[in-house]
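This report concerns only the one structure given below.
In the working numbering, the protein residues as written are 409 to 626.
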């Protein structure tokens, strides 16, 4: 595994990644061949880490994410998994999942035995010897910008429905013309941005200026 030329600092200590940062680039081996983060430019990407292959919660996640792959594809969103396990462990796990559940994992799973990628993303503590407590997800836009992040502990699996909802909400609000309310799903009403100054608020006749809904036109 090696970092991409535009991410020479990926292995160096750095502040934690934040929403709005450019996702650190990398090149690595995966179950579907060599991949680069830059391969996903031009489309959305859900990049997620899991603590280890052949573990119960991770297996449940990967089976569910694989079954939802078409739904992510419909949003023009790629999927990319990662753990510190070797490529050969990934391949054996993929085979075991197909044999046990009849599910083929259609997206790449990146190996990260050196933990370089995981540490660049803050998925692993800088001085940790392993990644057993890491279950992180990064939602990356077509320009390579991190738009959202979620973190789960070792003993709690992620919600695939929420991952899909997050991608859809981020896409729908990308133009900043509307906001997504709690629990928003495609087709639900959205919120309009409120007035940003006192003059606009006092000049208007709408007493509900702070909470105005609008139909989802898309």
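No residue lacks a Cβ here, since even glycine has one placed at the ideal position from N, Cα and C. Model, not experiment: these values are computed from the prediction.
Item: Distance between residue 610 and residue 450 (C-alpha atoms, nearest Å); Value: 42 Å
Item: Exposure label - residue 560; buried when at least 16 CB within 10 Å; Value: buried
Item: Residue nearest to residue 589 in terms of C-alpha spacing, selected from 526, 619, 497 and 557; Value: 619
Item: Contact belief for residue 518 with residue 488 at Cβ below 8 Å, rounded distance in angstroms; Value: 7 Å
Item: Identity of the residue in 621, 468, 531 and 454 nearest residue 481 by Cα; Value: 454
Item: Uninterrupted beta strand (DSSP E) stretches inside the region 428-506 (no shorter than 3 residues); Value: 452-457 and 485-491
Item: Pairwise C-alpha distance: residue 452 and residue 521; Value: 26 Å
Item: 8 Å contact criterion, which residue 526 and residue 492 should meet: CB distance rounded; Value: 6 Å
Item: Presumed contact (8 Å Cβ cut-off) between residue 565 and residue 468, rounded CB distance; Value: 6 Å
Item: 4-residue-minimum alpha helix (DSSP H) runs that sit fully inside the region 552-605, ordered along the chain; Value: 568-580
Item: Beta-carbon contacts of residue 486 that lie in its chain and below 8 Å, excluding the five residues immediately before and after; Value: 448, 451, 452, 453, 454, 480 and 515
Item: Buried/exposed call for residue 607, threshold 16 Cβ in 10 Å; Value: exposed
Item: Enclosing beta strand (DSSP E) for residue 397 [first to last residue]; Value: Outside the shown range of the chain (409 to 626) lies residue 397, about which nothing can therefore be said.
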